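From first to last, the protein sequence lines stand for chains A and B.
The first sequence: position 1 = 1 (our numbering), numbered continuously.
The second sequence: position 330 = 1330 (our numbering), numbered continuously.
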Amino acid sequence: MPNLEATWKEASPGGVVYEAGNSVEYITGGWRSFRPIRDMKQCTHCMICWVYCPDSAVVVKDGKVVGFDYDHCKGCGICAQECPVKVKEPHEYTGQMGKVIQMVPETEFEGW
Amino acid sequence: MAKSIVKALDGAQAVSNAMRQINPDVVAAYPITPQTAIVQNFSQYVADGVVDTEFVTVESEHGAMSACIGASAAGGRVMTATASAGLALMWEVVYVAASMRLPLVMSVVNRALSAPLNIHCDHSDSMGARDAGWIQIYAETAQEAYDNTLQAVRIAEHPDLLTPVMSMQDGFITGHGVERVEILDDAEAKKFVGTYKPKHSLLDVDNPATYGAWDFYDFYFEHKRQQTDALSRAMPIIVEVGEEYGRLTGRKYGIFDPYEMDDAEVAIVVLSSTAGTARTVVKALRQKGIKIGLIKPRVFRPFPARELVEALKGVKAVAVLDRSISFGAMEGAGPLFLELSAALYAYGNGRGPLAVDYIFGLGGRDVIPAYIEQVAQDLLHIAETGERGDLVRYLGLRE
């Protein structure tokens, strides 16, 4: 992880990043203005959201979607757009009909 | 002194000969008048197998500089050449090269910018790029253009600097004018430029690194501060390389070239080929007992502010000759005058000479000795009366 307190004398010349694969350590979730929320009971684990997520922020364990990595999800909404599964009951979080993944304004969550 | 041979070459041939000796890993360039001869000669060297260079025939100057950036980040020694509209088209990536601290060398054969369309010499092209973060060196003659090209490689690649160098000569006047040029023995030239060993590179797969990464408000400012620090430490490196080159060739290079400045009461400051005309006039006036001197800056970036103020100490009036206009600047002055005026204000302790600016030679307008003589007369009048008069004047303009 780059030292975020590094002075201009300590920064790497030309902005070269010497540690490969360190973007995981750069927290970008703060850019998000909408948060994807999945209805866990109605999700079929088709993995379409995992395929499409440009930030690898859909967390999968043992072949099942277990949630989102909100440290890196930028709230682009691609997962909600691509989610092919329509809910039969109202969405467990939003109470709305529509898709299993729905985008909710960040302002509704604590810490905003 | 190292062996050398004397040839009759124009400035473009002189630079392409330096490039032949440097034998860069990659040259990506697009032909544009009056730089064309450099690219043309060099592509002949490539075709003849005289160099091992990978010559990339790009679709534009933006592509040329982009290819150079990639090749340089990959660890290669990389060169290009351009002029005028070509440099203007490169703009975005000219900054990228400097900001990524890639030690490219670019030969610029100075030419006016459109419109109206014009292919002849002025300094609008490279002066426009003066804040891009490159080191800028200006040559008076084909010999200097050759010598500066070899030195530029060493300056750019200096580990404390890693900053690209732009090496200028005047379009047509120098670029297409055949002169006597001493070309170093190939082996000596190759020894002087040495081999480039980058500390890190894209192709070093054992030590993978990311180049040109996203740099947000959390680091961008620090990187810019670092870049300006590198430029401010460049001057001793430029001098050191120039002295080493002097020991090798007998032609020592510094920050600027003073002529008859020791007891000068008035002085002219001018870049590039016009310094030759001015020197002839100064020499003639000296024979008449007039205490006039000449300073020909070689390095424009970093700007030798303190050094020029020191050199002008004791001078009562100074005329800067600018071959470009900084449109909308104070009285429409030129960049050299603006920089020098700022330097005199910052370091002159309020005792600097009265300074005036002469815009000259735009779009290749000839500069004849009579114009320089007029400047000298004006300077003597200013020195005598203490009245500066017009801040910005024009030489050779129909009024």
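In this text, a Cβ means the ideal position worked out from N, Cα and C, and glycines have one as well.
As the structure is a prediction and not an experimental result, all values here were calculated from the model.
Over the uninterrupted alpha helix (DSSP H) stretch that includes B:Met1079, give me the two end residues. In the second sequence, residue 1079 of chain B corresponds to position 79, counting from 1. That residue, B:Met1079, is in no alpha helix (DSSP H); its beta strand (DSSP E) goes Val1078 to Thr1082.
Is the beta carbon of B:Ser1084 less than 8 Å from the beta carbon of B:Ala1064? Here residue 1084 of chain B refers to the residue found at position 84 when the second sequence is read from its first residue. Here residue 1064 of chain B refers to the residue found at position 64 when the second sequence is read from its first residue. At the C-beta level, B:Ser1084 and B:Ala1064 stay beyond 8 Å of one another.
Helix, strand or coil at B:Leu1344 according to DSSP, with G and I counted as helix: The sequence position of residue 1344 of chain B within the second sequence is 344, counting from 1. Helix, per DSSP.
Pop quiz: B:Asp1125 and B:Leu1087 are said to be a contact at Cβ under 8 Å. What is the actual Cβ separation, rounded to whole angstroms? In the second sequence, residue 1125 of chain B corresponds to position 125, counting from 1. In the second sequence, residue 1087 of chain B corresponds to position 87, counting from 1. Right, their Cβ atoms sit about 5 Å apart.
What residue does the beta strand (DSSP E) around A:Pro36 start on, and which one ends it? Residue numbering aside, residue 36 of chain A sits at position 36 when the first sequence is read from its first letter. Counting along the chain, the beta strand (DSSP E) containing A:Pro36 begins and ends at Phe34 to Arg38.
CB A:Ala80 to CB B:Glu1222, shorter than 8 Å? Looking up residue 80 of chain A in the first sequence gives position 80. Looking up residue 1222 of chain B in the second sequence gives position 222. Cβ distance not < 8 Å, so A:Ala80 and B:Glu1222 don't count as in contact.
Determine the DSSP secondary structure at B:Glu1157, reduced to helix, strand or coil. One-based indexing of the second sequence puts residue 1157 of chain B at position 157. Here B:Glu1157 carries a helix assignment [DSSP, helix/strand/coil].
Figure out for me which residue from B:Ala1012, B:Gly1386, B:Gln1377 and B:Gln1287 has the closest Cα to the Cα of B:Val1178. Within the second sequence, residue 1178 of chain B is the residue found at index 178, counting from 1. When the alpha-carbon of B:Val1178 is set against those of B:Ala1012, B:Gly1386, B:Gln1377 and B:Gln1287, the nearest one is in B:Ala1012.
Using 8 Å as the limit for Cβ to Cβ distance, is A:Trp31 near chain B? To locate residue 31 of chain A, count along the first sequence from 1; it is residue 31. No, A:Trp31 lies away from the interface with chain B (no Cβ there is under 8 Å from its Cβ).
Hey, out of B:Gln1287, B:Asp1262 and B:Arg1130, whose CA is closest to B:Phe1404's CA? Outside the modelled stretch of chain B, which goes from 1001 to 1399, sits residue 1404 of chain B, for which no answer is possible.
Mind checking which residues open and close the alpha helix (DSSP H) that includes B:Gln1226? For the purposes of this step, residue 1226 of chain B is taken as the residue at position 226 of the second sequence. That run of the alpha helix (DSSP H) goes Tyr1220 to Ser1232.
Nearest chain B C-beta to A:Gly14 closer than 8 Å, yes or no? Position 14 of the first sequence, counted from the start, is the residue given in the question as residue 14 of chain A. Chain B, which has a Cβ nearer than 8 Å to the Cβ of A:Gly14, makes this yes.
Determine which residues of the region 1191-1223 of chain B have a Cβ less than 7 Å from any Cβ of chain A, and write them out in chain order. Cβ contacts with chain A come from His1200, Pro1208, Ala1209, Thr1210, Tyr1211, Ala1213, Asp1215, Asp1218, Phe1219, Glu1222 and His1223.
List the residues of chain B whose Cβ lies closer than 8 Å to the Cβ of A:Thr7, in chain order. Here residue 7 of chain A corresponds to residue number 7 of the first sequence, with the count starting at 1. From the beta-carbon of A:Thr7, the residues of chain B found nearer than 8 Å are Glu1222.
Whole alpha helix (DSSP H) elements within the region 1007-1047 of chain B, 4-residue minimum: 1011-1022
At the level of alpha carbons, what is the spacing between B:Glu1240 and B:Met1019? Position 240 of the second sequence, counted from the first residue, corresponds to residue 1240 of chain B. Position 19 of the second sequence, counted from the first residue, corresponds to residue 1019 of chain B. Answer to the nearest angstrom: the Cα atoms are 21 Å apart.
Are the region 1060-1077 of chain B and the region 1014-1029 of chain B touching by the rule of at least three beta carbon pairs closer than 8 Å? With a cut-off of 8 Å, the region 1014-1029 of chain B and the region 1060-1077 of chain B count as touching, because enough Cβ pairs lie within range.
Report buried or exposed for A:Cys83, applying the criterion of at least 16 other Cβ atoms within 10 angstroms of its Cβ. Position 83 of the first sequence, counted from the start, is the residue given in the question as residue 83 of chain A. Buried.
Less than 8 Å between CB atoms is the rule here; does A:Ala57 satisfy it with respect to chain B? Residue numbering aside, residue 57 of chain A sits at position 57 when the first sequence is read from its first letter. Taking Cβ atoms only, chain B never reaches closer than 8 Å to A:Ala57, which makes this a no.
Is any beta-carbon of chain B found at less than 8 Å from that of A:Val65? Reading the first sequence from its first residue, position 65 is the one you call residue 65 of chain A. No, no contact with chain B.
Sequence-distant residues of its chain with Cβ nearer than 6 Å to B:Phe1216 (five each side left out): Start at 1 with the first residue of the second sequence, and residue 1216 of chain B comes out as number 216. There are no such residues.
With a threshold of 8 Å on Cβ separation, who are the neighbours of A:Cys46 within its own chain once the five nearest residues in sequence on each side are excluded? As a first step, residue 46 of chain A must be located in the first sequence, where it is residue number 46. These residues qualify, in order along the chain: Pro84 and Val85.
Could you name the residues of the same chain whose beta carbon sits closer than 6 Å to that of B:Ser1016, not counting the 5 residues immediately before and after it, in chain order? Taking the second sequence and counting its residues from 1, the one referred to as residue 1016 of chain B is at position 16. Same-chain partners within the cutoff: Ile1038, Asn1041 and Phe1042.
Under 8 Å between the Cβ atoms of A:Cys73 and A:Gly30? Position 73 of the first sequence, counted from the start, is the residue given in the question as residue 73 of chain A. Position 30 of the first sequence, counted from the start, is the residue given in the question as residue 30 of chain A. No.
Throw me the rounded Cβ distance for the B:Pro1236 and B:Pro1164 pair, which I believe falls under 8 Å. Indexing the second sequence from 1 puts residue 1236 of chain B at position 236. Indexing the second sequence from 1 puts residue 1164 of chain B at position 164. Contact flag wrong, Cβ pair sits at about 18 Å.
Quick one: grab the DSSP three-state call for B:Gln1151. As a first step, residue 1151 of chain B is located in the second sequence; it is residue number 151 there, counting from the start. Residue state, collapsed to three classes: helix.
Member of B:Ile1183, B:Ile1359 and B:Ala1213 whose CA lies at the smallest distance from the CA of A:Gly21: As a position in the first sequence, residue 21 of chain A is number 21, starting the count at 1. For A:Gly21, the nearest C-alpha among the options comes from B:Ala1213.
Could you tell me how far apart the beta carbons of B:Gly1364 and B:Phe1172 are, in whole angstroms, since I believe they sit closer than 8 Å? By one-based count along the second sequence, residue 1364 of chain B stands at place 364. By one-based count along the second sequence, residue 1172 of chain B stands at place 172. Between B:Phe1172 and B:Gly1364 the Cβ distance is about 7 Å, and since that is below 8 Å, they are a contact.
Using a Cβ-Cβ cutoff of 8 Å, what residues of the region 1071-1103 of chain B are near chain A? List them in chain order. Ser1099, Met1100, Arg1101 and Leu1102
When the Cα of B:Glu1144 is compared with those of B:Gly1250, B:Pro1208, B:Met1100 and B:Glu1307, which residue comes out closest? To locate residue 1144 of chain B, count along the second sequence from 1; it is residue 144. The option with the nearest alpha carbon to B:Glu1144 is B:Gly1250.
Step through the CB atoms of chain A and report whether any lies within less than 8 Å of the CB of B:Arg1225. Taking the second sequence and counting its residues from 1, one reaches residue 1225 of chain B at position 225. Yes, B:Arg1225 lies at the interface with chain A (some Cβ there is under 8 Å from its Cβ).
Can you list, in chain order, the residues of its chain with a C-beta nearer than 7 Å to that of A:Asp71? Leave out the 5 residues immediately preceding and following it. What you label residue 71 of chain A is simply residue 71 of the first sequence in a count that begins at 1. Same-chain partners within the cutoff: Ile27 and Gly29.
Continuous alpha helix (DSSP H) stretch holding B:Thr1057: start and end: Locating residue 1057 of chain B in the second sequence gives position 57, counting from the first residue. Per DSSP, B:Thr1057 belongs to no alpha helix (DSSP H); it is in the beta strand (DSSP E), Glu1054 to Thr1057.
Considering only their Cβ atoms, is the gap separating B:Asp1263 from B:Lys1291 smaller than 8 Å? On the second sequence, position 291 is the one that residue 1291 of chain B refers to. On the second sequence, position 263 is the one that residue 1263 of chain B refers to. It is a contact, given that the beta carbons lie within the stated cut-off.
Taking only beta-carbon positions, decide if B:Leu1162 is within less than 8 Å of chain A. The sequence position of residue 1162 of chain B within the second sequence is 162, counting from 1. Cβ-Cβ to chain A under 8 Å: yes for B:Leu1162.
Going by the beta-carbon positions, is the gap between B:Ala1317 and B:Leu1294 smaller than 8 Å? In the second sequence, residue 1317 of chain B corresponds to position 317, counting from 1. In the second sequence, residue 1294 of chain B corresponds to position 294, counting from 1. Contact flag unset, no.
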